[in-house]
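Comments concern the structure below.
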Amino acid sequence: MNIESLWKDRVQTFWNQAVSYLRLIGNSGFMFSLYALFLAGGYFYPSFMEWLPSSVPVPLLFTLLFAYLLTRCPLRTFLKEGDLVFLLPLESRLKSYFTKSVVYSYAFQSAAVVIVFLLLGPLFRDRVVDDNLYMYTSLFLLLLINGWNYASFWVETRFQEETIRYKHTAGRAVLNAAAAYLLFQGAALWFPAAVLLVCAFVYIFYYYPLLGRHLLKWEVLLQQEEKRVSAFYRFVRSFTDVGHVKAGVKRRRWLNAPVDQWIWRKGSVFMVLFGKSFMRSGEYLGMYVRLIVAAGLVMYAFPNDWFRMAAAFLFLYMTSVQLRTLWHHLDVTIWPDLYPVGHVHKQHDFKALVKTLLAAQTILLTLVYLLTSGSFLPGMVLFGAGLLLCLMYPLSQKDKAMIQNGREA
39 MNIESLWKDR
49 VQTFWNQAVS
59 YLRLIGNSGF
69 MFSLYALFLA
79 GGYFYPSFME
89 WLPSSVPVPL
99 LFTLLFAYLL
109 TRCPLRTFLK
119 EGDLVFLLPL
129 ESRLKSYFTK
139 SVVYSYAFQS
149 AAVVIVFLLL
159 GPLFRDRVVD
169 DNLYMYTSLF
179 LLLLINGWNY
189 ASFWVETRFQ
199 EETIRYKHTA
209 GRAVLNAAAA
219 YLLFQGAALW
229 FPAAVLLVCA
239 FVYIFYYYPL
249 LGRHLLKWEV
259 LLQQEEKRVS
269 AFYRFVRSFT
279 DVGHVKAGVK
289 RRRWLNAPVD
299 QWIWRKGSVF
309 MVLFGKSFMR
319 SGEYLGMYVR
329 LIVAAGLVMY
339 AFPNDWFRMA
349 AAFLFLYMTS
359 VQLRTLWHHL
369 DVTIWPDLYP
379 VGHVHKQHDF
389 KALVKTLLAA
399 QTILLTLVYL
409 LTSGSFLPGM
419 VLFGAGLLLC
429 LMYPLSQKDK
439 AMIQNGREA
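In our numbering, the protein residues as written are 39 to 447.
Listed below in structure tokens is the structure:
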């Protein structure tokens, strides 16, 4: 086995497959929706900055956002399950492999930090410091702090106990928030530089010695890899089939009682399966909540009532596209095929669940519209049109063909 070319081969294999999926997404209406939202956001950006009240704590919001981006450290190692057997004996020869993985992950996360920072650049100059030199120096310091986070996070993956990793993550979050707060408060640059120096000392005298005391935890690295790959392919499954996605399961006790009362009362097998999958599996619930929050923020920021309504419909459409992934969630297991229930019931229950979720989102966005604009009649138009969209929620042609094949079988 050529260890030196292993990392390059795996990266190339992933991107060859990913690019083919991204082309499909690029030709879909979903990307057009994002493009339209981007154009509308750029058009209203100056008006938004003029409208934004001075009482809004912009520096604090910047601090929270970038502290989160710096702390999360998504890691790609391109490991596979078989590596726990075949590569584990070669761990001593894989130093360059994992170094490239950390640098690769750092580069992509740094690109995300740069994009977000530049998008917020006009707001930074308007509410923080109106100085290009200070702004770009702040960006440079953020990238240095991002490098410290990845170096530290790589050491944290050597801890087997999840609670210990969480404690170290919390410690990094505090230092990240302190540095970001000083930057976005317009403090002299030597203050955040001093925090960066503290971070360097923490790594040299605390994290670095841990490298020699703890071995690599391959299970933790594989878990991180599966988490990143699943996040990408769950998004891709909104547009095409991806059969090798492994979804995680999260038990949300606080939702058990209200959700169980509703889905079990329906007396349907697939309603229970889809309801439990939405609540526990993957990131369906998180995606749904994030789109509602994002829609509310966009509607709150847009000064024009018509654009608020357009943003509401746009996010309803995006939610409907994302929820189509749930239709294929049960395809990776054989048990639903053994139930004496026809595919027509699966279609009915799936559409009923999605219509309920879209109706709830419509109600929430209508309330946001009424609170931001105060216009009752357009709000009722939004409410009625949103409910009409929910009632007409369609399955894709491919899904309908699967249902038809199930009937014939």
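Glycine is no exception: its CB is placed at the ideal position from the N, C-alpha and C atoms.
Remember, predicted model here, so these are calculated numbers, not experimental data.
Take V140 and list the residues in its own chain whose beta-carbon comes closer than 6 Å to its own, dropping the five residues that flank it on each side.
Excluding sequence neighbours, V140 sits near Y188, W192.
Within its chain, find whatever has a CB closer than 6 Å to the CB of Q367; leave out the 5 residues flanking it on each side and keep chain order.
For the sequence presented, residue 367 should be read as His rather than Gln. Correct list, in chain order: S315.
Could you compute how far the alpha carbon of F340 sits from the alpha carbon of H383?
41 Å
Would you call V212 buried or exposed, if buried means 16 or more other Cβ atoms sit within 10 Å of its Cβ?
exposed
Span of the alpha helix (DSSP H) holding D247?
Sequence inspection shows Pro at residue 247; the Asp mentioned does not correspond to that position. Note, P247: alpha helix (DSSP H), 246-249.
Count the other C-beta atoms from every protein chain shown that fall within 10 angstroms of the C-beta of W344, then say buried if there are 16 or more, exposed otherwise.
W344 is exposed by the Cβ-count criterion.
Between the Cα of R196 and those of T410, S130, Y245, A216, spot the shortest distance and give me the residue it belongs to.
Y245
Since I believe L259 is in contact with L117 (beta carbons under 8 Å), could you give me their beta-carbon distance rounded to a whole number of angstroms?
L117 to L259, Cβ: 6 Å. Contact.
Less than 8 Å between the C-beta atoms of Y73 and V274, yes or no?
no
What first and last residue would you give for the alpha helix (DSSP H) that runs through D168?
Segment: none, D168 is in no alpha helix (DSSP H) and carries neither H nor E.
Taking DSSP as the reference, what is the three-state secondary structure of H252?
H252: coil per DSSP, three-state reduction.
Just tell me which of L181, S143, G250, H386 has its CA closest to the CA of F155.
Of L181, S143, G250, H386, the residue nearest in Cα terms is L181.
Hey, out of Q198, T400, Y106, whose CA is closest to L253's CA?
Q198
Could you have a look at A448 and say whether DSSP puts it in helix, strand or coil?
Outside the modelled stretch of the chain, which goes from 39 to 447, sits residue 448, for which no answer is possible.
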